[in-house]
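Heads up, the thing below is written out as structure tokens.
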Amino acid sequence: MGDSTVSLRGVKWPEISAGDDLATLLVETASLRDGDIAVVTSKVVSKAEGRTRDADRASVVSDETVRVLARRADSVIAETRHGLVLAAAGVDASNTPLGTVVVLPLDPDASAKSLRERVYSATGHNVAVIITDTLGRAWRNGQIDLAIGCAGLHGLVELRGAHDRHGNELTVTAPAVADEVAAAADLVKGKFSDQPVAVLRGLGELVLAPGSHGPGAAELIRDSALDLFGLGAREAAVAAAMRDDQVALAHFPPLIDSDVMPWAELRSEHEQVVVSVHRATGGTSPPRSWLLTVEVVEAAGPQAYFHAGELTERARVLAAAYRLAVDDVDPVTPRPGRRTVALLRCLAP
Numbered sequence: 001m002g003d004s005t006v007s008l009r010g011v012k013w014p015e016i017s018a019g020d021d022l023a024t025l026l027v028e029t030a031s032l033r034d035g036d037i038a039v040v041t042s043k044v045v046s047k048a049e050g051r052t053r054d055a056d057r058a059s060v061v062s063d064e065t066v067r068v069l070a071r072r073a074d075s076v077i078a079e080t081r082h083g084l085v086l087a088a089a090g091v092d093a094s095n096t097p098l099g100t101v102v103v104l105p106l107d108p109d110a111s112a113k114s115l116r117e118r119v120y121s122a123t124g125h126n127v128a129v130i131i132t133d134t135l136g137r138a139w140r141n142g143q144i145d146l147a148i149g150c151a152g153l154h155g156l157v158e159l160r161g162a163h164d165r166h167g168n169e170l171t172v173t174a175p176a177v178a179d180e181v182a183a184a185a186d187l188v189k190g191k192f193s194d195q196p197v198a199v200l201r202g203l204g205e206l207v208l209a210p211g212s213h214g215p216g217a218a219e220l221i222r223d224s225a226l227d228l229f230g231l232g233a234r235e236a237a238v239a240a241a242m243r244d245d246q247v248a249l250a251h252f253p254p255l256i257d258s259d260v261m262p263w264a265e266l267r268s269e270h271e272q273v274v275v276s277v278h279r280a281t282g283g284t285s286p287p288r289s290w291l292l293t294v295e296v297v298e299a300a301g302p303q304a305y306f307h308a309g310e311l312t313e314r315a316r317v318l319a320a321a322y323r324l325a326v327d328d329v330d331p332v333t334p335r336p337g338r339r340t341v342a343l344l345r346c347l348a349p
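As structure tokens, this is what we get:
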């Protein structure tokens, strides 16, 4: 793949309407050959599949949203039923008549597979198909295209276990090839060129044999249990503080053995308040559980009890952030000269 010479060209199409035959149009306009990769913007796929909506954009965004990751004023970053995380759940008001919006294809991988099969049936050419959409990126300005549907190539190329030229073993390297092709193809497509299709030539070694379609772009979607960025910063703080949104709480990364303990920075700032944490042992305590105790000295005034309450709430927030369940435990006999304000048992899932 590293020695390939790759070419890209855009393909002009007319305005697409519901029911249009994209496979026939692709065959007639794209001059395809074996090993080509046809990159098609999701907008035209959605239009052909009747996914245009004559409705208020906000209500359509709500309909297409499984959960909201972040919200700022009118901007919403949302997860779709496909598992994609996109601005406005992928609902788009550009390149569509005023007053209408276009939603994503119902099953982009199935749409890509259908196009690939029909092109092969019509021409005998073995062509991979990628369906793309546009997204912004955390930490980066601007937008790029990425693959939301894929057939005929592996969207992710696993290189873990291979060795570089210096003999170093690759431990995390897995190029998102479908996304790389999608981003490159947008250089010859774009919103103003009437070219919603690009053909990439020169990477035929990536194209799978006829009848083999690969796992689709779905393999590029990270499992939520491994996602370190499942919520926006403000939304994460609210979820941990309120603890009433179980869907949001489920998107905190679970505690793993190599993590710093949640209580590492939990310290009393009042000389008459003591917080202590130790592993729960014996009895019915699960193997990964902790007992957290907040105590005040008997002579303490109201301010100490107020600070003890603050510490207890901080502990509950930390537990939520680390996906720990919290049980209130009946206090044992306190140590001489102290009163127990809270005794919490925190359990790892």
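The numbering of the sequence shown is the numbering used here, which starts it at 1 and goes up by one. Beta carbons are placed, not taken as given, at the ideal position from N, Cα and C, and that holds for glycine. Here the structure is a predicted model, which means the values were calculated and not measured.
#1: Is the beta carbon of LEU249 closer than 9 Å to that of ALA237?
#2: What are the complete beta strand (DSSP E) segments, minimum 3 residues, inside the stretch 127-177?
#3: Nearest to ARG160 by CA position, among GLY99, ASP109, THR171, ALA73, is which residue?
#4: How would you write the range of the alpha helix (DSSP H) that SER42 sits in, first residue to last?
#5: Answer with buried or exposed for TRP139, where buried requires no fewer than 16 other C-beta atoms within 10 angstroms of its C-beta.
#6: Please report the Cβ distance between PRO108 and ILE144, rounded to the nearest whole angstrom; I am assuming they are in contact, meaning their Cβ atoms lie under 8 Å.
#7: Report the residue from PHE252, GLN272, ALA300 whose alpha carbon sits nearest the alpha carbon of ALA348.
#8: For a test of the three-state rule: what should DSSP assign to THR340, helix, strand or coil?
#9: Confirm, please, whether the CB-CB distance from ARG81 to VAL66 is below 9 Å.
#10: Within 10 angstroms of the Cβ of ASN168, are there 16 or more other Cβ atoms? Answer buried if so, exposed if not.
#11: Which term fits THR293, buried or exposed, when burial requires 16 or more other beta carbons within 10 angstroms of its beta carbon?
#12: Which residues does DSSP list as the beta-bridge partners of LEU200?
#13: For ARG51, list the residues DSSP reports as bridge partners.
#14: When you compare only the Cα positions, how much space is there between THR96 and VAL102?
#15: Does the stretch 26-36 come close enough to the stretch 198-215 that 3 or more CB-CB pairs lie under 8 Å?
#16: Report all residues from its chain with a CB closer than 6 Å to the CB of VAL60; omit the five preceding and five following residues, and keep chain order.
#17: Considering only C-alpha positions, which residue in the set LYS47, VAL39, VAL129, ASP63 is nearest to SER94?
#18: Can you name the start and end residues of the beta strand (DSSP E) that ARG67 belongs to?
#19: Could you pull the start and end residues of the alpha helix (DSSP H) that VAL274 belongs to?
#20: Identify the continuous alpha helix (DSSP H) that holds ALA315 and give its terminal residues.
#21: Taking just the CA atoms, how far does MET261 sit from ALA70?
#22: With respect to the alpha helix (DSSP H) encompassing LEU86, which residues constitute its N-terminal and C-terminal limits?
#23: Looking at the structure shown, is VAL296 part of a helix, part of a strand, or coil, going by DSSP?
#24: How would you call PRO105, buried or exposed, if buried means at least 16 neighbouring beta carbons within 10 angstroms?
#25: If you draw a straight line from the C-alpha of THR134 to the C-alpha of GLY214, how long is it?
#26: Just to confirm the assignment, what range does the beta strand (DSSP E) spanning THR80 have?
In brief:
#1: Going by C-beta atoms, ALA237 is not nearer than 9 Å to LEU249.
#2: Within the stretch 127-177, the runs of beta strand (DSSP E) that reach at least 3 residues and sit entirely inside it are, in chain order, 128-137, 140-151.
#3: The candidate whose alpha carbon is nearest that of ARG160 is THR171.
#4: Membership of SER42 in the alpha helix (DSSP H) is indicated by the continuous run 42-48.
#5: Exposed, by the Cβ-count rule.
#6: Approximately 17 Å separates the beta-carbon atoms of PRO108 and ILE144; this is outside 8 Å, ruling out the contact.
#7: Just measuring C-alpha positions, the residue of PHE252, GLN272, ALA300 sitting nearest ALA348 is PHE252.
#8: The answer is strand: DSSP assigns THR340 an E or B state.
#9: Yes. Within cutoff.
#10: Exposed is the call here.
#11: THR293 is buried by the Cβ-count criterion.
#12: According to DSSP, which records beta bridges pairwise, LEU200 is partnered with LEU8, ILE37.
#13: Its beta-bridge partners do not exist; DSSP assigns none.
#14: Annotation: THR96 to VAL102 spans about 7 Å, alpha carbon to alpha carbon.
#15: Three or more beta-carbon pairs drawn from the stretch 198-215 and the stretch 26-36 are found closer than 8 Å, and the two stretches are therefore classed as touching.
#16: Scanning its chain for C-beta atoms nearer than 6 Å, with the 5 sequence neighbours on each side dropped, one finds around VAL60 the residues ARG53, VAL91, VAL101, in chain order.
#17: That would be LYS47, whose Cα lies nearest to the Cα of SER94.
#18: Note, ARG67: beta strand (DSSP E), 65-72.
#19: Premise fails: VAL274 lies in the beta strand (DSSP E), 273-279, not in any alpha helix (DSSP H).
#20: 302-321 is the extent of the alpha helix (DSSP H) around ALA315.
#21: Rounded to the nearest angstrom, the two C-alpha atoms are 27 Å apart.
#22: Where LEU86 is concerned, there is no enclosing alpha helix (DSSP H), although the beta strand (DSSP E) it sits in stretches over 85-87.
#23: DSSP places VAL296 within a strand segment (E or B) once states are collapsed to three.
#24: So PRO105 counts as buried.
#25: Computed Cα separation, rounded: 23 Å.
#26: THR80 -> beta strand (DSSP E) spans 75-80.
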